[in-house]
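These protein sequences, in sequence, are chains A and B.
For the first sequence, position 76 (counting from the first letter as 1) is numbered 77 according to our numbering, and the numbering increases by one without interruption.
For the second sequence, position 111 (counting from the first letter as 1) is numbered 117 according to our numbering, and the numbering increases by one without interruption.
No residue lacks a Cβ here, since even glycine has one placed at the ideal position from N, Cα and C.
Computed from a predicted model, the values in this text were never measured in an experiment.
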Amino acid sequence: MNVLISLAAVGGLFLLGTLGGAPGMGWIFGVVLPYLAVGIGIGGLIWRVMSWANVPVPFRIPTTCGQQKSLPWIKSNPLENPHNGLTAVGRMALEVLFFRSLLRNTKAEVIDQRRLVYTSAPWLWIGAMAFHWSFLIILVRHLRLLANPVPWCVTFLQRADGFLEIGLPVIYVTTVLFLAGLAYLLARRLASPQLRYISLAGDYFPLFLFLGIGISGFWLRHWTKTDIVSVKQVAVGLSGFSFDSDALAAAGSLFYGHLFLVCVLLAYFPFSKLSHFAGVFLSPTRNMANSNRSVRHVNPWDYPVKVHPYDEYEDEFREKMKGAGVPVEKE
Amino acid sequence: MNDKPKIIVGLVVVLVAATFPFWYTLAKGRDVLPEDRERPSEGSRCVMDDPVANHMQVLNTWRDEVVREGDTEQIKVDGKKYHKSLTDGCLQCHSSREDHCDRCHEYANVELTCWECHLGSKGD
Ligand code: HEM
């Protein structure tokens, strides 16, 4: 049910987007909606992150899985158990760039009907890496449409990515990896009963949305071609706030379908699980250094508590204590 | 206690990166349009219906037919015969590589391999 609703939603949104190819509609789907989506996306991201920024983080709760730094002759593992800001940044960088924690994914199996064995299950990591890195590279490559003149690094990426020189226009390695990664991530949720049970529409919808964007993009480049010069006029017009009705009309329905799904993605981003993009940096169990013992952490909300130390206590009760035979420190 | 200052710095960095196309384009001036494309002259027409989007495929098909299969038979459009060739076909009407090909390809940052073998225009 979650699957079908999400699939139908993305399909419907795509069809809605293709309306942008109808006469005059280019202004709505090619100008108004993209700006609206960028506005919602950026505003939403700020709102979301600021709501997190206001949350206090008083405790040191880093998770560790390596020897902590202690005596000089005990070998420590700074990346698994960072002891200062620098090593914590190192661990975060590995997590954010290479999803290191996904590599710990294991699979429990009973073999010979009596032995429980844990084996490494790297496919989630492989699929996630393929998807996320391709996504980033595709976004940077798209700058050839949004920036004029095109920055050299975009051209460099474009060349490297197309080095296989298969087909015309050449197919990019990342286009294939992007779609293959997504297909695996979707199949993984669908194939395992346990995963299907915990998967919500909010898990399937983004997958289908990215697949819709990727497939329509593939279609635009390798199947029904578009007038790429008009597309660039529309796109770079959005970056530079200058619009051209002829280009908007020439860009074609399929392009508007692709663009509209991207607009939906932008507007949906801050309000969905996709904001893990920002959230991953704020995971307190990961971004803190394990200085729990080496540094004294004082509760920032400590206020002066009225105390009654022993010497005052003894002053108050000395006579009674003596009377009861309790030893006292000062006579 | 919270990490607000650090978080705001991170947020600003992300937002500046995400809005790159806007400030890049504004910095480069609003020179965002390509030079005008070469338009067909009166009464002439292309052998294709939608050359802007699909010309690369036709050129590729011609390449395969002529070079690989040896099929050099001319095509006929509106009673007129044309060579299946870039230099002897397309570039007979469209006189110059600079005006006809490069303007759009440079604008859209499309890099071709055609000119590694073919000569574009005189003096090329
Ligand atoms: C989340 C953002 C986006 C994603 C994931 C995405 C994905 C893709 C993919 C996978 C392709 C196939 C070819 C390639 O890999 O380059 C593609 C092509 C294309 N995309 Fe996007 N896209 C996005 C945003 C946009 C935007 C904002 C525009 C327009 C301003 C756009 C316009 C196009 C066009 C015109 C093509 C065909 C390119 C060609 O023929 O070389 N895309 N897209």
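- In the displayed model, T25(B) falls within coil according to three-state DSSP, outside both helix and strand.
- The Cβ atoms of S7(A) and F132(A) lie no closer than 8 Å to each other.
- In terms of side-chain proximity, the C-beta atom of F60(A) is found no nearer than 7 Å to any non-hydrogen atom of ligand 1.
- When DSSP reads this structure, L117(A) sits in a beta bridge with V111(A).
- Beta-bridge annotation (DSSP): Y269(A) is not paired with any residue.
- Taking the C-beta atoms as reference points, L187(A) is found no nearer than 8 Å to F15(A).
- Chain order gives the chain B residues near R160(A) as E117, where near means a beta carbon separation below 8 Å.
- At a threshold of 7 Å, I81(B) does not count as near ligand 1, since its beta carbon sits no closer than that to any of the ligand's heavy atoms.
- At a threshold of 7 Å, L266(A) counts as near ligand 1, since its beta carbon sits closer than that to one of the ligand's heavy atoms.
- In terms of beta-carbon proximity, K34(B) lines the interface with chain A, with at least one pair separated by less than 8 Å.
- The beta carbon of L144(A) falls within 8 Å of a beta carbon belonging to chain B, placing the residue at that interface.
- Contact annotation: L183(A) and F206(A) have beta-carbon atoms that are not nearer than 8 Å.
- Within chain A, the residues whose beta carbon sits less than 7 Å from that of P27(B) are L144, L147, A148 and S240, listed in sequence order.
- Under the DSSP definition of a beta bridge, K86(B) partners with V83(B).
- Here the C-alpha atom of N82(A) lies approximately 50 Å from the C-alpha atom of Y113(B).
- According to the DSSP assignment, T176(A) belongs to the alpha helix (DSSP H) that extends over V174 to A192.
- Listed along chain A, the residues sitting closer than 7 Å to C110(B) by beta-carbon distance are V230.
- A residue is called buried once 16 or more other Cβ atoms fall within 10 Å of its Cβ, and Y173(A) is buried on that count.
- At a C-beta separation below 7 Å, A202(A) has no neighbours in chain B, since its nearest C-beta there lies roughly 27 Å away.
- According to the DSSP assignment, N66(B) belongs to the alpha helix (DSSP H) that extends over P57 to R69.
- For V58(B), the nearest beta carbon of chain A is closer than 8 Å to its own beta carbon.
- Interface with chain A (8 Å Cβ-Cβ cutoff): I81(B) is excluded.
- Proximity of chain A to M62(B) at the Cβ level (cut-off 7 Å) is accounted for by L169 and P170, in chain order.
- Chain B has no Cβ within less than 8 Å of the Cβ of K76(A).
- Inter-residue distance for V230(A) and S240(A) is about 15 Å (C-alpha atoms, whole angstroms).
- Neighbourhood of F219(A) in chain B, by CB distance below 7 Å: empty, with the nearest CB roughly 15 Å away.
- Fully contained in the segment 30–84 of chain A are the following alpha helix (DSSP H) runs of length 4 or more, in chain order: 34–54.
- The segment 267–285 of chain A and the segment 69–86 of chain A do not touch, with fewer than three beta-carbon pairs separated by less than 8 Å.
- Distances from the CB of H259(A) to the heavy atoms of ligand 1 include at least one below 7 Å.
- Between ligand 1 and the CB of P123(A), the shortest heavy atom gap is not smaller than 7 Å.
- For V33(A), there are no CB contacts under 8 Å within the same chain when 5 residues up- and downstream are skipped.
- In summary, M51(A) is exposed, with fewer than 16 beta-carbon neighbours lying within 10 Å of its beta-carbon over all protein chains present.
- Relative to ligand 1, the beta carbon of A236(A) is positioned inside 7 Å of a heavy atom.
- The beta carbon of L17(B) sits closer than 8 Å to some beta carbon of chain A.
- Ligand 1 has no heavy atom closer than 7 Å to the beta-carbon of H277(A).
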